[in-house]
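Under numbering that gives the first Met the number 0, the first residue of the sequence shown carries the number 0, and numbering increases by one thereafter.
Think of the CB as a built atom: it goes at the ideal place given N, C-alpha and C, for glycine as much as any other residue.
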Amino acid sequence: MTISPLPIAERISRLGTETAFAVSAEAAEWQALGHAVYPFHLGDMDLATPENIVEASFKALRDGKNGYCPNAGVAALREALAADISASHSLDLGPQNVVIEPGGKPVIGKFMLALMNPGDEVLYPSPGYPIYESQIEFHGGVALPYGYVEGRENFELDFTALDAQVSPRTRILIFNNLQNPTGAESSPAELERLAELALRHDLAVLCDEAYWDIRYSGASKSLASLPGMAERSVILYTFSKKFAMTGWRLGAAVGPAAIVEVIAKLNVNDESCSNHFVQYGALEGLTGDQSGPQEIIRILRERRDTCVGLLNQIPGVSCFTPAATFYLFPRVTELMERKGLSTYDELRRAALEETGVSFCTRLHFGRALPGEKERYVRFAYSGIPVPLIEEGLGRLKAWAEA
Ligand SMILES: Cc1ncc(COP(=O)(O)O)c(C=O)c1O
Numbered sequence: 000m001t002i003s004p005l006p007i008a009e010r011i012s013r014l015g016t017e018t019a020f021a022v023s024a025e026a027a028e029w030q031a032l033g034h035a036v037y038p039f040h041l042g043d044m045d046l047a048t049p050e051n052i053v054e055a056s057f058k059a060l061r062d063g064k065n066g067y068c069p070n071a072g073v074a075a076l077r078e079a080l081a082a083d084i085s086a087s088h089s090l091d092l093g094p095q096n097v098v099i100e101p102g103g104k105p106v107i108g109k110f111m112l113a114l115m116n117p118g119d120e121v122l123y124p125s126p127g128y129p130i131y132e133s134q135i136e137f138h139g140g141v142a143l144p145y146g147y148v149e150g151r152e153n154f155e156l157d158f159t160a161l162d163a164q165v166s167p168r169t170r171i172l173i174f175n176n177l178q179n180p181t182g183a184e185s186s187p188a189e190l191e192r193l194a195e196l197a198l199r200h201d202l203a204v205l206c207d208e209a210y211w212d213i214r215y216s217g218a219s220k221s222l223a224s225l226p227g228m229a230e231r232s233v234i235l236y237t238f239s240k241k242f243a244m245t246g247w248r249l250g251a252a253v254g255p256a257a258i259v260e261v262i263a264k265l266n267v268n269d270e271s272c273s274n275h276f277v278q279y280g281a282l283e284g285l286t287g288d289q290s291g292p293q294e295i296i297r298i299l300r301e302r303r304d305t306c307v308g309l310l311n312q313i314p315g316v317s318c319f320t321p322a323a324t325f326y327l328f329p330r331v332t333e334l335m336e337r338k339g340l341s342t343y344d345e346l347r348r349a350a351l352e353e354t355g356v357s358f359c360t361r362l363h364f365g366r367a368l369p370g371e372k373e374r375y376v377r378f379a380y381s382g383i384p385v386p387l388i389e390e391g392l393g394r395l396k397a398w399a400e401a
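Spelled out as structure tokens, the structure:
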């Protein structure tokens, strides 16, 4: 029987997606044909969740934590996360400032629903996590991208673009410090300048700190910690990266109690509550033995060093060494010229088919901005062990040299 398709609601035309998932599908297809694939496209992790977290979750299930829990999350977890973020951010937070979510990602849409009216302008990074643009436009906002430029040691915020975009209709700033995909990290001076901009224009701020703990040296700093910022900021927190829990789906929104209450009400309407027993695993993660996350960082650091070293040996490729995140954003303009490739898709397909190396490009993280000349790709090393990094990047180098 042929069923006539039902008309899809108009709003869905404004909903974006993560085009990086298409890269995964292509890589899987190529692999299914019998080819070796080196997966640098994945923002996912191939590392195990620390055993104490797994055990605590099992125990919670056995102890009967299989029913609904409060919409804003298990009280002990809200308390522990408030204490954790108070300490790391020099803030004075309590459980009323924390609402537990099924991952960090849902915080983005719920933040928009809570704080953005149709027609409001929202500043967001491009290249950046594609869900920002999707959720802004889906909920009727006006998306204003700002970019990053190459500095001496890493990417830096393009304040010229930011200042040019902001207008009296701008209401919201989305800021991802320890940034996906560039690995950028704002200096104290950049954070001060951003805070000044947010205060001057009376902006609400989403501080996406998904990679806060994925750091190899130095200490993470938050825009929300600057004077006058906590009252206008919501921090996106996630258990996904630090504890290798991407598929467990647990995160939180941390901010002013009035906004947290609104987000908890959205939870009532959406998923009722986040996975109950998983929250006891997360509680163990925050308060228990820390050797698991330390080992995750040790492994990631070794991968980062291997990756950066080998990428910089490839002719036409130039890569910074970010102190945080598990992403690299090498410049490949010269490589593309060398190989006579004019589009990102040509580069990606050629690399996959001739070397097996799979990665995302700048365009998977938003539209190119006016005046953007250099070409970049994103290498994630969270899902590929050192021997495969060496093998894959060895092949890429030989191809570049040929
Ligand atoms: C910048 C950024 N924010 C938020 C998330 C959401 O992660 P999750 O929903 O797994 O917590 C991700 C995931 O890759 C990310 O890269």
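Proximity test, residue i beta-carbon vs ligand 1 heavy atom, cut-off 8 Å
i	result
K104	yes
L235	yes
A113	no
F174	no
T245	yes
Q178	yes
Y380	no
I107	yes
D207	yes
S239	yes
I262	no
R248	yes
Y128	yes
Y210	yes
G280	no
G469	A query on residue 469 cannot be resolved here, the shown segment of the chain reaching from 0 to 401 and no further.
Separation of residue j from residue i, as counted between CA atoms
i	j	result
T16	S133	7 Å
L458	V356	The structure shown does not extend to residue 458, since the chain spans only 0 to 401, so no value can be given for it.
R248	R337	43 Å
G139	P117	4 Å
L309	E389	7 Å
Y375	R151	16 Å
F319	E195	28 Å
F20	A209	19 Å
H40	R361	12 Å
R77	P94	5 Å
G42	N175	15 Å
D119	I171	8 Å
D36	R192	First, the amino acid is wrong: residue 36 is Val here, not Asp. When rounded, the distance between both Cα atoms is 43 Å.
P38	V385	12 Å
S224	Q178	18 Å
V277	L92	23 Å
G182	L235	17 Å
L387	A71	42 Å
Residue i at chain C interface by Cβ criterion, 9 Å
i	result
G108	Among the chains of the structure shown, chain C does not appear; only one protein chain is present.
Exposure of residue i, with buried meaning 16 or more beta-carbon neighbours within 10 Å
i	result
V165	buried
E373	exposed
F57	exposed
Q293	exposed
A27	exposed
I11	exposed
V267	exposed
R363	It is worth fixing the name first, because residue 363 is His in this sequence and not Arg. Under this definition H363 is a buried residue.
S216	exposed
P226	exposed
R303	buried
Three-state secondary structure assigned by DSSP to residue i
i	result
Y147	strand
E206	Note that residue 206 corresponds to Cys in the displayed sequence, not to Glu. Of the three classes helix, strand and coil, the one that applies to C206 here is strand, per DSSP.
Y67	coil
P38	strand
P6	coil
G284	helix
S317	strand
T16	coil
I234	strand
L327	strand
G103	coil
E54	helix
I383	coil
P124	strand
I298	helix
L172	strand
C272	coil
G253	Rather than Gly, the amino acid found at residue 253 in this sequence is Val. It is a strand residue.
F378	strand
F154	strand
R366	coil
V141	strand
S133	helix
V261	helix
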